[in-house]
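Numbering (my numbering), first residue to last: 8 to 168.
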């Protein structure tokens with residue numbers, strides 16, 4: 008099923024993600040809809056307006072503002088039958104469709120190693136680190152409820168089912 012428009016739910020008070028989403032929505036034209044939200048009620052509004060904004064799917068960015076309300080946000084997107092990807096594993100644990108996220112432990116370890124090497128007088132250019140592999144958690148029951156067929160390659164590459 009090809010996607011048309013994707014809504015990106017973000018905290019407008021988080022300047023880093025806010026700027027990135029605004030840039031993305033500008034670059035992607037009509038394919039990306041910026042959906043600022045400060046609480047679950049704002050996410051509910053996004054779900055209710057999905058038809059008006061012609062959104063086929065949502066992406067809820069990783070933000071403490073959203074993860075503390077993971078269960079409620081998953082309920083809202085499920086009630087709207089809106090395929091949603093999340094930026095934290097907690098959403099899949101709460102019944103969400105899919106999450107793509109980084110391993111915070113690995114990020115901390117690599118950052119500490121890089122800082123230690125730079126403080127030991129290595130030049131930043133000499134300090135390299137291979138790219139981090141994203142983790143993908145997939146909820147096949149949520150996919151079935153949405154009537155989605157999960158590609159075998161995604162099933163094979165998911166780090167958690």
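For glycine and all other residues, C-beta sits at the position ideal for the given N, C-alpha and C.
With distances taken from CA atoms, which of 70, 142, 40 and 52 is nearest residue 112?
Mapped onto the chain shown, residue 112 falls at position 105. With distances taken between Cα atoms, residue 112 lies closest to 142.
Could you tell me which whole beta strand (DSSP E) segments of length 3 or greater appear in the segment 18 to 103?
39 to 43, 62 to 67 and 91 to 93
Locate the beta strand (DSSP E) running through residue 145, then write down its first and last residues.
Position 138 of the chain shown, counting from 1, holds the residue named residue 145. Its beta strand (DSSP E) spans residues 142 to 145.
Start and end residues, beta strand (DSSP E) containing residue 107:
Walking along the chain shown from the start, residue 107 turns up at place 100. Unbroken beta strand (DSSP E) run through residue 107: 105 to 108.
Assign residue 75 to one of two classes, buried (16 or more other C-beta atoms within 10 Å of its C-beta) or exposed (fewer than that).
Position 68 of the chain shown holds residue 75. Counting Cβ neighbours within 10 Å, residue 75 comes out exposed, since fewer than 16 surround it.
What is the DSSP secondary structure of residue 112, reduced to helix, strand or coil?
Residue numbering aside, residue 112 sits at position 105 when the chain shown is read from its first letter. DSSP places residue 112 in helix when its eight states are reduced to three.
Delimiting residues of the alpha helix (DSSP H) encompassing residue 160
Locating residue 160 in the chain shown gives position 153, counting from the first residue. Looking at the DSSP string, the run of the alpha helix (DSSP H) that includes residue 160 is 159 to 164.
Does DSSP put residue 122 in a helix, a strand or coil?
The residue given as residue 122 occupies position 115 in the chain shown. The answer is helix: DSSP assigns residue 122 an H, G or I state.
Applying the 10 Å Cβ sphere with the 16-neighbour rule, what's the burial state of residue 119?
Translated into positions along the chain shown, residue 119 becomes position 112. Answer is exposed; the Cβ neighbour count stays below 16.
Any 3 or more C-beta pairs closer than 8 Å across the segment 41 to 51 and the segment 78 to 94
yes
Closest residue to residue 98 among 77, 144, 154 and 15 (Cα-Cα distance):
In the chain shown, residue 98 corresponds to position 91, counting from 1. Cα-wise, what sits closest to residue 98 is 77.
Verify the CB distance criterion: does residue 134 have a CB-CB separation below 9 Å to chain C?
Judged by its chain identifiers, the structure shown contains no chain C, having just a single protein chain.
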